[in-house]
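Asks:
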RNA sequence: GACCCCAUCGUCUAGUCAGGUCCAGGACGUCAGGUUUUCAUCCUGAAAACAGGGGUUCGAAUCCCCUUGGGGUCGCCA
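Structure representation (C-alpha cells):
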C-alpha cells in the first residue's frame, strides 16, 4: 500500500503590486486546504512577462499575505516565510528547466516552431471576428517544411513554439467544485508555449512547475477553467501526473462585473477626464517623472499607473479609488481577521447558520464540497459589519495597541501632534473611548481633529440640532454652560471619574436628572458639533483649561448673538 | 458570436448530492418601534426569495428537459 502523497498547494500570482481580494481568497483557500491536510502551501512568482517591470514594489503582496496571516511554507524568503527545496520559486529563474521540456516536445514532434508575427495574427483574428467566425490558429507554420523552419530558427529568425493539440476527441477536467467539464478537442488550437523572447508562456511554466514542485491540488479562480484543458494536454504529452483541480468562482462588483485591479484604473481615468474638461487652464501639479508617467498613461489605455502615482493623482483630481486590494482595506481600517472571515464566507461556508469563524476554524473545516459555484458580489456593508464585530470583540488593551499603531502608520502627523499636546497616556483614553463607536479604525479620525484645534478656532455648526441644544428649554443649554463652569473649576482632580460625578450630580439637581440636557451643550461648546466620544472622556482628553476656555468662548458667542 | 460554467430574499447564503419535517432558516442591508449623554451601538418587530415553462413522482426549492437571465474564456497577460 502506497501512502497518498502529502498535500501540496500553491498560490501563483504575477508580480503586480498589492494583492487584490480575489487573489487573497484564492490564497486563503489554498492555504487552508494545505493546513487541513497537514500539507505544504507554496508561493510561486509567475514573472514570465518581461514587459512588466520587476522592481521590489511589485512584490508588495508578500506583505499583504503576511498581514492576513497566510504564511507560505515554500517560496520567496520574506519575514520568516518561504525557502524550500523545490525552488527557485521565481519562474524567471527557471528558464533552463522550461527549455529542456520544450526541446523534448519539439523532438517528439508534439510541438513546432511558428514564425508568424503578432501583427499577422492580429489581422487573422480581426478577420475571423468580422466574419463572425471563431478564430483558431490555422497551422500555417506547418506549410513550410521542417528543415526550412529549423534553418530559420538557427539563423535566429524570431519565432514562437506552439503545442500541437489533438485534432479530435474530447477533453475532460475533473473539477472538485464543478464536477466533470468536457469540451470538444476542436475548441482548442495550437497554443503558444514559448514566446519569441524565449520565455515560456504561463500555460507551459505552470504545468512544468506544478509537476516539479510536486503540487497535488490546483486551487484557482474560475477564469482558469478553460486553460485547464490545455494544461491537461501538456501534462499528458510530457508524461506528468495530473493534480486535483478545484476552480472557485470569481468575486464581482455590485454591478456583476468581475472585481479587478483595473477597476481602480477605470475610476481614475474617468475622474481625470472630468477634471481635465472642467479645469482646462489648470493642470495636475507634480514633478517631471510624475507628469511623464501621466502622459504615458494617457497615451496608452492598457497602461496602468504605478499605485503611488495613482494615489497622488486620485488625490489631485478628487477621486475616491474603490478599495480592491487587501492593502486598501488595511489602510481603510479593517482588521485582518474580519477580512479573512468575510472573504472565506464569500464562496464557502461551514453549513448551517454559522458565519463568524477564525482562520483556524477554516483550516480545520475547509473542503471543496461546500464551495459555492456561482459568482459572489462583494458587499462592503457586510464587511463593515464583520469589522465592527471584530473590533468590539477585541480586549480593550489590544484595541488600544492596534488603534495606536494605525494612527502611527497612516496618520503619523496627527498622532505626533496629539501625543505632544496631550501625552501618550491620554491617547490611551482616546482609544478606549473610541472602541465602542468604531466600525473601522478610521471612523474616528475625522472626529478627533477638534481635540487639536486652538481653543479660539472652534467653529460652531449652524444646524438645527446645535441651536436646539443651546437655546431651547428653561433653563437652556447656554444657562447650563454658565452654571457648569464653577463646578468644573472646583474639581480637585481632573479625571474621567471626577468629571462624571460632577456632571451627573449637576444634572440631578438642575436638569431633572437628564444628563443629555447638560452633556449636549458642553459637547457643542468644546467640539463645535454634536459628535464626540462620551462626554466625560471628551472633557478629560481635552483638559480642564481648554474645556473652560471653550465653554466661555461659546458663552461669549451667545452674548454676541443676543 | 462560439465554447464552458452558474441560477433560493436587494446582497452573502442554509436547505439540493441521499424528494416529504420548508406556505423556505440565518446574516448584512432596508423599514417601524424602543433603550442611550451625541455619533456609533444595543434590543424588539416587519417587509423581502425557490427565474419561467414543461416533465418524473402520491409528493419537487431538491431529479430531468427546454427557455430566460448572469458570469467566465476566446493573447507571444497571468
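In the numbering used here, the protein residues as written are 42 to 603.
The beta carbon of each residue, even a glycine, is placed where N, CA and C say it ideally should be.
Being a predicted model, the structure only gives us computed values, none of them experimental.
1. State buried or exposed for residue 349, treating a residue as buried only when at least 16 other CB atoms are found within 10 Å of its CB.
2. Cα separation between residue 253 and residue 57?
3. Within 10 angstroms of its Cβ, does residue 436 collect 16 or more other Cβ (buried), or is it exposed?
4. Taking residue 563 as the reference, which of 588, 584 and 554 has the closest Cα?
5. Per the DSSP calculation, residue 220 is bridged to which residue(s)?
6. Is it buried or exposed for residue 93, if we count other Cβ within 10 angstroms and need 16 for buried?
7. Quick check on this structure: which residue in 341, 216 and 229 has the alpha carbon closest to the alpha carbon of residue 209?
8. I need the boundaries of the beta strand (DSSP E) containing residue 122, first residue and last residue.
9. Report the CB separation of residue 378 from residue 431 in whole angstroms; it is logged as a contact under 8 angstroms.
10. Is residue 587 close to the ligand ATP? I mean its beta-carbon at under 6 angstroms from any heavy atom of the ligand.
11. Flag this pair as yes or no: are the beta carbons of residue 333 and residue 474 separated by less than 7 angstroms?
12. Short of 8 angstroms in beta carbon distance, which residues of its chain neighbour residue 603, apart from the five on each side in sequence? Order them along the chain.
13. Do the CB positions of residue 267 and residue 244 come within less than 7 angstroms of each other?
14. With three or more beta-carbon pairs closer than 8 angstroms as the criterion, would you say the region 286 to 296 touches the region 408 to 425?
15. Among the residues of its own chain, which have a CB less than 6 angstroms from the CB of residue 313, if the five just before and after it don't count?
16. With DSSP run on the structure shown, which of helix, strand or coil describes residue 82?
17. How about residue 216 and residue 286: do their beta carbons lie closer than 7 angstroms?
18. Count Cβ pairs between the region 576 to 595 and the region 490 to 501 that sit closer than 8 angstroms; are there 3 or more?
19. Give the straight-line distance between the Cα atoms of residue 399 and residue 121, rounded to the nearest whole angstrom.
20. Does residue 500 come out as helix, strand or coil in the three-state DSSP assignment?
21. For residue 501 versus residue 428, is the C-beta spacing smaller than 7 angstroms?
22. Just to confirm, are residue 547 and residue 599 a CB contact at a threshold of 7 angstroms?
23. Check whether the region 122 to 140 and the region 78 to 89 touch, using three or more Cβ-Cβ pairs below 8 angstroms as the test.
24. Roughly how many whole angstroms lie between the Cα atoms of residue 194 and residue 156?
25. Okay, do the region 110 to 126 and the region 201 to 208 touch, 3+ Cβ pairs below 8 angstroms being the bar?
26. Just to confirm the assignment: which complete beta strand (DSSP E) runs, minimum length 3, are found wholly within the region 217 to 270?
27. Are residue 529 and residue 539 touching if we call contact CB-CB under 7 angstroms?
28. Roughly how many whole angstroms lie between the Cα atoms of residue 504 and residue 465?
29. What are the residues that DSSP puts in a beta bridge with residue 210?
30. Label residue 54 either buried or exposed according to how many other C-beta atoms from any shown protein chain fall within 10 Å of its C-beta, with 16 as the threshold for buried.
Replies: The relevant details are as follows:
1. Exposed, because fewer than 16 other Cβ atoms sit within 10 Å of the Cβ of residue 349.
2. The alpha-carbon atoms of residue 253 and residue 57 are separated by roughly 24 angstroms.
3. In summary, residue 436 is exposed, with fewer than 16 beta-carbon neighbours lying within 10 Å of its beta-carbon over all protein chains present.
4. Of 588, 584 and 554, the smallest CA-CA separation from residue 563 is found for 588.
5. Beta-bridge partners of residue 220 (DSSP): 216.
6. With fewer than 16 Cβ atoms within 10 Å of its Cβ, residue 93 is classed as exposed.
7. Residue 209 has its Cα closest to that of 229, out of 341, 216 and 229.
8. DSSP places residue 122 in the uninterrupted beta strand (DSSP E) bounded by 122 to 124.
9. For a cut-off of 8 angstroms, the C-beta gap from residue 378 to residue 431 is around 5 angstroms, short enough to register as a contact.
10. The ligand ATP is not part of the structure shown, which contains no ligands of any sort.
11. Result no, Cβ atoms of residue 333 and residue 474 do not sit closer than 7 angstroms.
12. Legend: pLDDT at residue 603 = 49, less than 50; position of this residue unreliable, no value from coordinates given.
13. Cβ distance not < 7 angstroms, so residue 267 and residue 244 don't count as in contact.
14. Flag = yes, the region 286 to 296 and the region 408 to 425 touch.
15. Apart from sequence neighbours up to five positions away, the residues of its chain that approach residue 313 with a beta-carbon distance below 6 angstroms are 358, ordered along the chain.
16. In this structure, residue 82 counts as strand in the three-state DSSP scheme.
17. Contact annotation: residue 216 and residue 286 have beta-carbon atoms nearer than 7 angstroms.
18. Touching, per the Cβ criterion.
19. Rounded to whole angstroms, residue 399 to residue 121 spans 22 angstroms at the Cα level.
20. Residue 500 carries a coil assignment under DSSP once its states are collapsed to helix, strand and coil.
21. Contact: no.
22. With contacts defined by Cβ atoms closer than 7 angstroms, residue 547 and residue 599 do not form a contacting pair.
23. Result yes; three or more Cβ-Cβ pairs closer than 8 angstroms.
24. Cα to Cα, the separation comes out at about 9 angstroms.
25. Verdict: no, contact absent.
26. Qualifying beta strand (DSSP E) stretches, in chain order: 220 to 225, 233 to 235 and 258 to 262.
27. Not a contact, by the Cβ cut-off of 7 angstroms.
28. If you draw a straight line from the Cα of residue 504 to the Cα of residue 465, it is about 34 angstroms long.
29. Residue pairing by DSSP places residue 210 opposite no residue, since no beta bridge is assigned to it.
30. With at least 16 other beta carbons inside 10 angstroms of its own, residue 54 counts as buried.
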